[in-house]
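Under my numbering, the letters of the sequence shown match residues 9 to 320, in that order.
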Amino acid sequence: MLLNAIPLPPVTAIEEVNVMLQTDSYAEAFKLEQKSLEESSSAQTDATERMTHFGARWPTKKRMPVRLTSSEDEQDEGYQVHASGSTHERSFSVSECAVPIPPEPLLKRMVSTPINSSPKQATLAQSPPTMSCSGTQAPNNEAAWLASINGIAGTVDHYFKTKPPDAMAALEKRLIHVETALNALTDKIQSMQTQTATTSRRIVPVTLRTINSTSELNLCEQQLEDAQYYEAVVTQLSRLGGTDLRNFLRRILSSVFSVTFSKQLNWSGIHGKHQASQLKITKAITDRWNTWAEIKSQQKKNSSKTDHPHGQ
9 MLLNAIPLPP VTAIEEVNVM LQTDSYAEAF KLEQKSLEES SSAQTDATER MTHFGARWPT
69 KKRMPVRLTS SEDEQDEGYQ VHASGSTHER SFSVSECAVP IPPEPLLKRM VSTPINSSPK
129 QATLAQSPPT MSCSGTQAPN NEAAWLASIN GIAGTVDHYF KTKPPDAMAA LEKRLIHVET
189 ALNALTDKIQ SMQTQTATTS RRIVPVTLRT INSTSELNLC EQQLEDAQYY EAVVTQLSRL
249 GGTDLRNFLR RILSSVFSVT FSKQLNWSGI HGKHQASQLK ITKAITDRWN TWAEIKSQQK
309 KNSSKTDHPH GQ
């Protein structure tokens, strides 16, 4: 029957609501009730929003069906519908009703598809010929590319033909200014490249190994004749620095000469040994400690006075 389809209105408080509809048919009663619900919707907005946002605090109950009966059982449940002549009365208890919380809407993945607004844009959007995964060449789009280039050339030609002379003169002046700026920038870049090429040092890979024999000493002396290699060796020796000169020299000498070969060296070259004072590797060592800032100048002075005269 039509009255079974009448939905129960949302509630804002626990109270008894009686709706009296004066009509002769259930259809008219339904229309009048819908009209009354629309008029009272403004007063129920706040309660509906609270129940929507804080649905977890409100119990959700199923709506009870409305049946055309006036039995005591239905009165206990809180629903009454009386049909007497031209008057139909329906009453229900607010405590038995609740507005159900609507389920969350399903999120659908929206995939946007680009739409070409004109045939020219469709032609320009095509990709050049490519190779497929199987190794065969994809369909050739050379004709489409030529057509698009011709279209662009026609557009540019039309632009230059339709523009007034004043606009063309201003554009030409602007292009000349841009060209001048680009030329000046190119000159600066070239000068910087030239300066970098002349001032930059050649990167020399240095592997300073411990000298164990006379042949290795001669090879090291030959390599140190190159100025850049010499500076690279001095830089590598600086990593063995310290604040005490004796410890500094001990670390350097033990890394340059082996214990066995060091017995064949002395400062003056007496007794048939190699003269350390004339070796380039010795000069590299002394140059390193003279420029080492952490070693005090007094230690350098004492070393030059005591070590060199004794030839040790």
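We put the CB at the ideal spot given by N, CA and C, even for glycine.
It is roughly 45 Å from the alpha-carbon of Y167 to the alpha-carbon of T204.
For the set S223, D295 and P172, the Cα lying nearest the Cα of H282 is the one of S223. A residue is called buried once 16 or more other Cβ atoms fall within 10 Å of its Cβ, and V241 is buried on that count.
The DSSP-derived three-state label of N220 is coil. Contact fails between the region 174-183 and the region 225-237, because fewer than three Cβ pairs, one in each stretch, are under 8 Å apart. Put simply, of D195, T290 and L190 the residue whose alpha carbon is nearest the alpha carbon of Y238 is T290. Ranked by how close their Cα comes to the Cα of A284, the residues S263, L225, L190 and F256 have L225 in first place. Inter-residue distance for L287 and S246 is about 18 Å (C-alpha atoms, whole angstroms).
One thing to note: L248 has its Cβ no nearer than 7 Å to the Cβ of R258. Here the alpha carbons of S199 and A155 stand approximately 43 Å from one another.
With 16 or more other Cβ atoms inside 10 Å of its own Cβ, A292 counts as buried. Excluding its 5 nearest sequence neighbours in each direction, T268 has no C-beta neighbour in its own chain below 6 Å.
With fewer than 16 other beta carbons inside 10 angstroms of its own, V164 counts as exposed. Inter-residue distance for S266 and N255 is about 17 Å (C-alpha atoms, whole angstroms). Secondary structure of Q283 (DSSP, three-state): strand. Here E187 is exposed, its C-beta having fewer than 16 other C-beta atoms within 10 Å. Between the alpha carbons of G277 and S262 lies a distance of about 19 Å. A Cβ-Cβ separation of about 7 Å places T218 in contact with V264 under the 8 Å criterion. In the three-state scheme derived from DSSP, where H, G and I count as helix and E and B as strand, L225 is classed as helix.
Under DSSP, N274 forms a beta bridge with Q283.
CA-to-CA, the gap between I157 and T194 works out to about 30 Å.
In the assembly as shown, E47 is an exposed residue. Its beta-carbon has fewer than 16 other beta-carbons within 10 Å.
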